[in-house]
Each structure stands twice: as structure tokens, then as C-alpha cells.
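Just below is one structure, and these are the notes that go with it.
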Amino acid sequence: MTESASDLDDKAAALICAAVYVLRAEGECYSCKKATPMFALMALPPIKHEGFEEAGDEDDCMFREITEMPANLLEAIKASSGPCFRPDHSRTAASSYWMNHCAHCDARQGDFFVHGPEGPFWPYDEAQMDAIHATRFDGPFRFLDPNTAYSGAMVDWRDRKHGVERPKPKAPAGRKKRNPKVRV
Ligand SMILES: [Zn+2]
Numbered sequence: 016m017t018e019s020a021s022d023l024d025d026k027a028a029a030l031i032c033a034a035v036y037v038l039r040a041e042g043e044c045y046s047c048k049k050a051t052p053m054f055a056l057m058a059l060p061p062i063k064h065e066g067f068e069e070a071g072d073e074d075d076c077m078f079r080e081i082t083e084m085p086a087n088l089l090e091a092i093k094a095s096s097g098p099c100f101r102p103d104h105s106r107t108a109a110s111s112y113w114m115n116h117c118a119h120c121d122a123r124q125g126d127f128f129v130h131g132p133e134g135p136f137w138p139y140d141e142a143q144m145d146a147i148h149a150t151r152f153d154g155p156f157r158f159l160d161p162n163t164a165y166s167g168a169m170v171d172w173r174d175r176k177h178g179v180e181r182p183k184p185k186a187p188a189g190r191k192k193r194n195p196k197v198r199v
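Right under this line is the structure:
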């Protein structure tokens, strides 16, 4: 079999963003159930995808499963997050990426969990929004093979932080609310 052009298309274009937020919030280790800091990265505009003329979608801003941290961001990440956020292998993702680890038991906290509805980066109310701390680093930063996702909750968090007012769509009826977290 010969390599076809479509194999090359599978690789995502590099993403270049002007700055990032390194986000920190306390989550609950799924293994030992203790509170532990968790980290995530948000791209800040302008966002560009290499090889594309138009600007990238600034709401498609939450990095997931970062395989290659930009070299000019590496030291800042290490300094702000410490050893709990580091590359590790994920069986689920069948690859290595920058993953959160519990500060108490070192259990891996996969991005599927950290960014999901039970994780700290899915705020449901103002108190949970306030519990997410952001440190801004100015780039530009170039992410190879980027994997970004839209998160309505985190776009709301960003807009609120930046004082952006948008007309609110009518809230869907019967939105499921998570039970308030127990803080120890
Ligand atoms: Zn733990």
C-alpha cells in the first residue's frame, strides 16, 4: 500500500494564538476523592490555523490532550502548574499528552474527566466560575497538532472575566444541575 494524500490531511494544521490562559481550579481526584489542583489551557485571540487565510474561531478555545507544548511556554507552564501537570500516557487516547495528576495519590486525571461535566472546568454558577483562576502568558504560541474544543461554560467564564455582554439565548428548560461540590 502506498501513502495517499489523505494521510497527510489527517494531521491538524498548527494553531497560533496571541496568548494563553493557564487555568487552575480545584477538582476532586476520581481515585482518592481528595481535592487537588487541576490545570487547563485556553487559547486567546487572535487565533490562526497555519495555511488558512481566515481567522480561527476564538470560541473554539479549550485545548485538550496537548501532545506538544510550545517551547516558549514550557518553562512558564512548569513554573505555574508544578509537577502535577505533565506529559503521561493515556490508554484511552492511545497517546501521551499533558495530563493532570492528583497531588495526593498521583492518579492520572484524564482530559475527558477534567473537562467534562464533573470536572472543574465546567462551571455551573458564579461561585464555580470564581473558583477558576487564570494566569495570562503572552506569545504568540504555536501548537503543533492542536486539539481544541468549544466549551459553552468556559466561553461564558471568559466573557464574564472580560466584561463582555452578549444577548443571552433563552435557557433550555430542564437543564440538569450538578449537585454542589462538597468542599473538605
Ligand atoms: Zn488522588
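In short: position in the sequence shown from 1, add 15, done, that's our numbering.
Heads up, the beta-carbon is just placed ideally off N, CA and C, and yes, glycines get one too.
Keeping to the same chain, check which residues put their C-beta closer than 8 Å to that of residue i; ignore five residues upstream and five downstream.
{"i": "residue 135", "result": "40, 41, 42, 53, 129, 143, 146 and 147"}
{"i": "residue 29", "result": "64, 65, 157, 158, 159, 160 and 161"}
{"i": "residue 181", "result": "174"}
Does the distance between the C-beta of residue i and the nearest non-hydrogen atom of ligand 1 fall short of 8 Å?
{"i": "residue 121", "result": "yes"}
{"i": "residue 49", "result": "yes"}
{"i": "residue 44", "result": "yes"}
{"i": "residue 99", "result": "no"}
{"i": "residue 32", "result": "no"}
{"i": "residue 76", "result": "no"}
Among the residues of its own chain, which have a CB less than 7 Å from the CB of residue i, if the five just before and after it don't count?
{"i": "residue 80", "result": "108, 112, 126 and 162"}
{"i": "residue 160", "result": "26, 27, 82 and 83"}
{"i": "residue 151", "result": "34 and 36"}
{"i": "residue 91", "result": "152"}
Apart from the five residues on each side of it in sequence, which residues of its chain come closer than 6 Å, Cβ to Cβ, to residue i?
{"i": "residue 149", "result": "36 and 38"}
{"i": "residue 153", "result": "34"}
{"i": "residue 75", "result": "163 and 165"}
{"i": "residue 212", "result": "Since the first residue of the chain shown is 16 and the last is 199, residue 212 is not available in this structure."}
{"i": "residue 98", "result": "none"}
{"i": "residue 18", "result": "Reliability fails at residue 18, whose pLDDT of 42 lies under 50, so the model's placement of it is uncertain and the value that follows must be treated cautiously. Closer than 6 Å at Cβ, skipping near neighbours: no residue."}
{"i": "residue 55", "result": "38 and 136"}
Can you say whether residue i is buried or exposed, counting buried as having 16 or more other CB atoms within 10 angstroms of its CB?
{"i": "residue 120", "result": "exposed"}
{"i": "residue 59", "result": "buried"}
{"i": "residue 132", "result": "exposed"}
{"i": "residue 44", "result": "buried"}
{"i": "residue 138", "result": "buried"}
{"i": "residue 67", "result": "exposed"}
{"i": "residue 102", "result": "exposed"}
{"i": "residue 61", "result": "exposed"}
How far does the beta strand (DSSP E) with residue i in it extend, from its first residue to its last?
{"i": "residue 154", "result": "148–158"}
{"i": "residue 42", "result": "30–43"}
{"i": "residue 63", "result": "50–64"}
{"i": "residue 111", "result": "110–116"}
{"i": "residue 145", "result": "First-last for residue 145: 141–145, but that is the alpha helix (DSSP H), not the beta strand (DSSP E)."}
Could you give the first and the last residue of the continuous alpha helix (DSSP H) run that contains residue i?
{"i": "residue 175", "result": "167–176"}
{"i": "residue 128", "result": "126–129"}
{"i": "residue 95", "result": "86–96"}
Quick one: any contact between the stretch 57–74 and the stretch 106–117, if contact means 3 or more CB pairs under 8 Å? no
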